[in-house]
Each structure stands twice: as C-alpha cells, then as structure tokens.
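Peer 1: This structure is in structure tokens; I'll ask about it shortly.
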Amino acid sequence: MANTIQPQKLFVASCTALLVTSLSFGIRAGILGDLGVLFHLDVKQLSIIASTAFWGFPLAVVIGGFIVDLIGMKRLLLAAFVLHLLGIILTITASGFWSLFISTLFIGMANGTVEAACNPLVATIFPTNKTTKLNHFHLWFPGGIVIGTLLVFLMKKVGLTSYQLQVATMLIPTIVYGYLFMKLDFPVTERVASGISTSQMYRSVVSPLFICMFILMFGTAITELFTGQWIEVLLKNVTENSILILALTAGVQTLGRAVAGPVVHRMSPTGVLLISAILSALGLYLLSHVSGNMIFVAAFIFGMGVTYFWPTMLGFVSENIPESGALGMNLMGGAGMFAVSIYMIFMGGFYDSIIVKNLPAGAAVDAYRSAAPGSAEATAFAQATAVAGPEIIKATLVIPIILIVAFTGLYFYMRNRKNAQKVQIA
C-alpha cells in the first residue's frame, strides 16, 4: 500500500475538511445574533450553544487521539464526514435552543475528529517539514472563516437572510472531502511507522515540557478563538460592520500562514510564539480602547498576533516531543478547545451582567432587548452592549500578557537546552 500513498492529494482533501470546520465557525459567528432574535435566546444561551462546538471538539479530538493508531486515520475521517453531514442538516431544521445545541455538538465533534486525524496525517506525510506544512494546513481555518463571514455578509446584503441557506453552503465542501477520503489510501501514523511504543508515548505526554505546553495552549486558544468567535457580538454596537473585523483578522491569519515557511525558518518556534503573544496583547488593548476606522487597524494587529499560535504550538510538540505522536497533538488541540468552551460560557454570563449593570436599576433586560428599534429602551440597551463588548475584551487582555511572560521563559529555556545539546555533541 505504501506506493499508493498520494501525499499531495491527501493534503488537499485534509485542507477541504478543515475548510468545513472553519466555515462552521465563520458562518456561526455571522448568524449568532440572528439566531438569538429568531429563537428568542439571550447572550448566555447563545454562548452555551456556541461553546458546545468548542467542547464537542475536545471530546472528539481526545478520543480520536487515543484510537487513531488503532483504527487508522481513514475511518476517523469518514466518521467526521458523517458527523458534519448530520450537524449541518440538524442546524438547517432546528426549532429552538435544544435542537441548535445538539446540531452544534455534532458539528463540534466532526471538527474535532478532522483535527484528530488530519494533524497527525500532515505530520506523517511531511516528516521533514512539519511546522511549515501544519501552518499551510491551518491557513484553511482562518481562510474558511473569511469565506464564511463574507458569505453571510454578502448574502444578507442581497436579501438572502435565511440562516438555513447560509448553513447549507457547507454541504458542498463536506461532500467533496468525504468523496476524496473514500477514494484515497492512507499511511499509518508516524509513531507507528517509527516503532515508538505505546508506553513511550504515554510517558512523553506527562513530561514537564509537554505539561507546560498543554497549559499554555489554554491561553493561546482562548486569545485566538474566543475573540474571533465573539467579535461580531462584542463590537456590533461599536462599529457598523463588526463582522468585517472578523473577516479582516482571519484574512491576516490566512496570508501569514501561507508564508509561514520563511518566518518559521528565520526564527525559532518559541520566538514566533513570544512575538505572537506581544502582538495579540497590543491588538486586544487597541480593540478595547479605540473606535471608528482605528478598530480595523487594531484588528489587523490582533490578526498578526494570533496567526501562528495554533499551528506553531502543535508543530513545537511534534518536533520537540515526537514520542507523543498523534496523542500529543490531539491532547493539545483538545486542551485549547476545552479551555475556550469553559471561558465562553463564563464570559457569556459576565457579558449579560455588565449589560444589566449599565441599564436603569430594576430594568427588565428582556423588555429592553426586544424593544422596538428607535425607542428609548432600545437605545439604552444598545448603549449598554456597546460598553459590555470592550469590557469583555479588556478582561481577556490579561491572558496574552501572561503568555508574554511564559513564552519569554520558554524561549530562554529552549535556547539553553539547544546550546547544551551542541556542547554535548562537540
């Protein structure tokens, strides 16, 4: 079977699968506010629905990490195809909170299953260029968010406001990647091919360096994905085209990951992560303090900051802790998404509490939320939400500041370790 493996076709199919994952993020970010109005959901309920995709993801990615070596990457990706199909169809036919909850859970599990199989697949078919190819693979995540958010924006502009129609566009790439993976042959994972034992793999994922990266993944994922998923809700009363801010940040990420090769080779992965944390903190600070066209400048800086977080974290583990194999990469992805899901639920409640604090004492929030446009209540509610969004961003700013300190320490630790290895070889 080895001679029938077609790395480039497998890579294209993997990118198409990741495109569906990212479209689900982009389209959901674009329709989240509409779902709230259509099904009479408050921000906390919306945050629970949105977070379902984030904890469905780690559930699938961690389970996938444990079984991918046993059942193979092909079976895992065909399971992702079925879950995506079910999730999209159930979203289109949703009738309220629980149907949206279940459909989003299926899509989240499908997204996690794609990552559980495709990350080790890319590392396996490109063993000498892992971090660069993982960046190229992951450019389809922000790339799909750009496509998804612009698709929703343009469909609304031309009067196609049905969220069902917007979600249905995901069916096309889903069917394409399912067909491609059915036809292609797959290699075994890199760990299996290298003869690394299961006990070695388990020992590597409890090493101090892996545990450190596992914890830091919480912060990098929240900084990137929470802000991206909620940018339209957080800034909708601060700027008219808040959905375009998400498209801009995702567009910057797409271009940045496309040119990852020279960046990663010129700098160490830890240097890339440190600069990313600095730019992310600066971007979030500006997003919470500026207005008008300066918001787009802030979004550009923030987009530059989060560009290399996810793929470089995975690439760092794959290159520096190779014995962890597919399990190590999938535990990292699961950690990131789980952290985002918990943070999103917490911040949804915090967002609502800020709104209540900025409304007249004793006001019925639901009455203000559903008030007729142009009324005094609607104006007061808009002003309260305009305050709440930047406050949430300010609270999130603490995370990249902590990351700056952590990645500075990691940078010097890895540099000293590398120098020690050179001395030992000499």
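Per my numbering, the sequence shown starts with residue 986, numbered consecutively. Ideal Cβ positions, reconstructed from N, Cα and C, are used throughout, including at glycine.
Consult DSSP for residue 1127 and reduce its assignment to one of helix, strand or coil.
Peer 2: Helix.
Peer 1: Residue 1191: which of 1012, 1313, 1355 and 1038 sits nearest, CA to CA?
Peer 2: Minimum Cα distance to residue 1191 is reached at 1313.
Peer 1: What do you reckon, are the CB atoms on residue 1293 and residue 1211 nearer than 7 Å?
Peer 2: Contact flag unset, no.
Peer 1: Which residue marks the beginning of the alpha helix (DSSP H) containing residue 1051, and which one marks its end?
Peer 2: Residues 1028-1056.
Peer 1: Rounded to the nearest angstrom, what separates residue 1008 and residue 1128 at their Cα positions?
Peer 2: C-alpha separation (whole angstroms): 9 Å.
Peer 1: Taking C-alpha atoms, which residue in 1112, 1075 and 1043 lies nearest to residue 1099?
Peer 2: Comparing Cα positions, the closest option is 1043.
Peer 1: As a quick exercise: from 1078, 1081, 1102 and 1069, pick the residue whose alpha carbon is nearest that of residue 1090.
Peer 2: Here the closest residue by C-alpha is 1069.
Peer 1: If you run the structure through DSSP and keep just helix, strand and coil, what is residue 987?
Peer 2: Summary for residue 987: the model assigns pLDDT 43, below 50, so the residue's position carries little reliability; its value from the coordinates is reported in the next sentence. Of the three classes helix, strand and coil, the one that applies to residue 987 here is helix, per DSSP.
Peer 1: Is residue 1382 helix, strand or coil when you go by DSSP?
Peer 2: If DSSP states are grouped into helix, strand and coil, residue 1382 belongs with coil.
Peer 1: Do residue 1011 and residue 1093 have their C-beta atoms closer together than 7 Å?
Peer 2: No. Outside cutoff.
Peer 1: Determine, using beta carbons only, whether residue 1320 and residue 1199 come nearer to each other than 7 Å.
Peer 2: Yes, the pair counts as a contact, with Cβ atoms nearer than the cut-off.
Peer 1: At the level of alpha carbons, what is the spacing between residue 1052 and residue 1061?
Peer 2: Roughly 9 Å separates the two Cα atoms.
Peer 1: Tell me which residues share the same chain as residue 1125 and place their Cβ nearer than 7 Å to its Cβ, disregarding the 5 neighbours each side in the sequence.
Peer 2: Excluding positions up to five away in sequence, the list reads 1000, 1003, 1004 and 1007.
Peer 1: Could you spell out where the alpha helix (DSSP H) holding residue 1174 opens and where it closes?
Peer 2: Segment: none, residue 1174 is in no alpha helix (DSSP H) and carries neither H nor E.
Peer 1: For the region 1106-1121 against the region 1288-1307, are there 3 or more C-beta pairs whose distance is under 8 Å?
Peer 2: Enough Cβ pairs lie closer than 8 Å, so yes.
Peer 1: Using the Cα positions of residue 1123 and residue 1113, report the straight-line distance between them to the nearest angstrom.
Peer 2: Near 17 Å, if we compare the C-alpha coordinates of residue 1113 and residue 1123.
Peer 1: Under a Cβ-count criterion, where at least 16 other Cβ atoms within 10 Å of its own Cβ denotes burial, should residue 1334 be classed as buried or exposed?
Peer 2: Exposed.
Peer 1: Report the start-end ranges of each alpha helix (DSSP H) in the region 1053-1094 that is 4 residues or longer and not cut off at the edges.
Peer 2: DSSP runs (the alpha helix (DSSP H)) wholly in the region 1053-1094: 1058-1077.
Peer 1: How is residue 1404 classed by DSSP in three states: helix, strand or coil?
Peer 2: Helix, per DSSP.
Peer 1: For residue 1253, I'd like the list of residues in its chain whose CB is within less than 8 Å of its CB, leaving aside the five on either flank, ordered along the chain.
Peer 2: These residues qualify, in order along the chain: 1396, 1399 and 1400.
Peer 1: Could you give the DSSP three-state label for residue 1181: helix, strand or coil?
Peer 2: In this structure, residue 1181 counts as coil in the three-state DSSP scheme.
Peer 1: What does the alpha-carbon distance come out to for the pair residue 1378 and residue 1270?
Peer 2: Distance between the alpha carbons of residue 1378 and residue 1270: 8 Å.
Peer 1: For residue 1029, I'd like the list of residues in its chain whose CB is within less than 6 Å of its CB, leaving aside the five on either flank, ordered along the chain.
Peer 2: Cβ neighbours of residue 1029 beyond the five flanking positions: 1333, 1334 and 1337.
Peer 1: Any idea what DSSP makes of residue 1355, helix, strand or coil?
Peer 2: Note: residue 1355 maps to coil in three-state DSSP.
Peer 1: Can you have a look at residue 1167 and say buried or exposed, based on whether 16 or more other CB atoms are within 10 angstroms of its CB?
Peer 2: Looking at its Cβ environment, which holds fewer than 16 other Cβ atoms inside 10 Å, residue 1167 is exposed.
Peer 1: Exposed or buried, what is residue 1180 when buried is set at 16 or more other beta-carbons lying within 10 Å of its beta-carbon?
Peer 2: Residue 1180 comes out exposed.
Peer 1: Give the single residue among 1048, 1374, 1361 and 1343 whose Cα lies nearest to the Cα of residue 1276.
Peer 2: It is 1374.
Peer 1: Under 7 Å, do residue 1391 and residue 1264 count as touching if we go by C-beta distance?
Peer 2: No, the pair does not count as a contact, with Cβ atoms beyond the cut-off.
Peer 1: What is the C-beta distance between residue 1049 and residue 1095, in whole angstroms, given that I count them as a contact (C-beta under 8 Å)?
Peer 2: No, residue 1049 and residue 1095 are not in contact; Cβ-Cβ is about 11 Å, not under 8 Å.
Peer 1: Tell me whether residue 1315 is buried or exposed, calling it buried when 16 or more other Cβ atoms sit within 10 Å of its Cβ.
Peer 2: With 16 or more other Cβ atoms within 10 Å, it is buried.
Peer 1: To which residues of the same chain is residue 1296 closer than 6 Å at the C-beta, ignoring the five residues directly before and after it?
Peer 2: The answer, listed in chain order, is 1119, 1120 and 1123.
Peer 1: Mind checking which residues open and close the alpha helix (DSSP H) that includes residue 1146?
Peer 2: Here residue 1146 belongs to no alpha helix (DSSP H), and DSSP marks it neither H nor E.
Peer 1: Helix, strand or coil for residue 1261, going by three-state DSSP, please let me know.
Peer 2: In the structure shown, residue 1261 sits in a helix (DSSP, three-state: H, G or I).
Peer 1: Give every residue of the same chain whose Cβ lies closer than 6 Å to the Cβ of residue 1262, excluding the five residues on either side of it in the sequence, and list them in chain order.
Peer 2: Same-chain partners within the cutoff: 1385, 1388, 1389 and 1392.
Peer 1: If I measure Cβ to Cβ from residue 1140 and keep anything under 8 Å in the same chain, skipping five residues before and after, which residues do I get?
Peer 2: Correct list, in chain order: 1146, 1150 and 1151.
Peer 1: Return the residue from the list 1173, 1019, 1032 and 1339 that minimises the CA-CA distance to residue 1330.
Peer 2: The option with the nearest alpha carbon to residue 1330 is 1032.
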